[in-house]
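Peer 1:
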Amino acid sequence: MKYKVFGPYLILEHLVDGGMAKIYLARAIFKEKFQFIVIKIIQPQYVSNESFIKMFNDEMTITNSLIHPGLAQVYDYGKEGQYYYAAIEFIQGANLKEFLSKLISQN
Numbered sequence: 038m039k040y041k042v043f044g045p046y047l048i049l050e051h052l053v054d055g056g057m058a059k060i061y062l063a064r065a066i067f068k069e070k071f072q073f074i075v076i077k078i079i080q081p082q083y084v085s086n087e088s089f090i091k092m093f094n095d096e097m098t099i100t101n102s103l104i105h106p107g108l109a110q111v112y113d114y115g116k117e118g119q120y121y122y123a124a125i126e127f128i129q130g131a132n133l134k135e136f137l138s139k140l141i142s143q144n
C-alpha cells in the first residue's frame, strides 16, 4: 500500500467504509510522539449538502467538548481541500459493529 498525505496527517491504511464516511488509520506528521489516530473523511456525495455539513460540524463541536475515559477524543476536524474530516483517537480493539455481532451471537 502506498501512504498518502492528507493535510497534516499520513494515511497508513483504509479501515472501513461507512454510509457517510470512509475511515482510515493515520498518524500526525508533525507530532514528536508517534500516535495512531483515525481519520474520518466524509463521502464525496455529501460534501455539497449544506445541511449534512452543518450536522457534521455541530456533531464535531459537541463531541470535541466531551471528555471521558470511555469516549474516543476528537483531536481535530475541518476541511482539507474539498473533503470534510475528523481526526479521532484510535482505540485498539473490536469496533462497535463487531462487538454487537459477538454479543448477539452469544444469546
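So the sequence shown is numbered by our numbering: it starts at 38 and just counts up by one.
Note that CB positions come from ideal geometry on N, CA and C, so glycine has one too.
On a predicted model such as this, the values are computed, not experimentally measured, just so you know.
If you follow the beta strand (DSSP E) that F136 is in, where does it begin and where does it stop?
Peer 2: By 1-based counting over the sequence shown, the position of residue 136 is 99. That residue, F136, is in no beta strand (DSSP E); its alpha helix (DSSP H) goes 133-143.
Peer 1: Straight-line CA distance for Y83 to K68?
Peer 2: One-based indexing of the sequence shown puts residue 83 at position 46. One-based indexing of the sequence shown puts residue 68 at position 31. Between Y83 and K68, the C-alpha separation is close to 30 Å.
Peer 1: Can you tell me whether K77 is buried or exposed, with buried defined as 16 or more other CB within 10 angstroms of its CB?
Peer 2: Here residue 77 refers to the residue found at position 40 when the sequence shown is read from its first residue. K77 comes out buried.
Peer 1: Can you tell me whether F73 is helix, strand or coil according to DSSP?
Peer 2: In the sequence shown, residue 73 corresponds to position 36, counting from 1. In this structure, F73 counts as strand in the three-state DSSP scheme.
Peer 1: How many angstroms separate the CA atom of P106 from the CA atom of F89?
Peer 2: For the purposes of this step, residue 106 is identified with residue 69 of the sequence shown, where counting begins at 1. For the purposes of this step, residue 89 is identified with residue 52 of the sequence shown, where counting begins at 1. Rounded to whole angstroms, P106 to F89 spans 28 Å at the Cα level.
Peer 1: Between which two residues does the alpha helix (DSSP H) containing F89 stretch?
Peer 2: Residue 89 sits at position 52 when you count from the first residue of the sequence shown. Segment 87-101, the alpha helix (DSSP H) holding F89.
Peer 1: Is Y120 helix, strand or coil by DSSP?
Peer 2: Counting from 1 along the sequence shown, the entry for residue 120 is found at position 83. Reduced to three states, the DSSP call for Y120 is strand.
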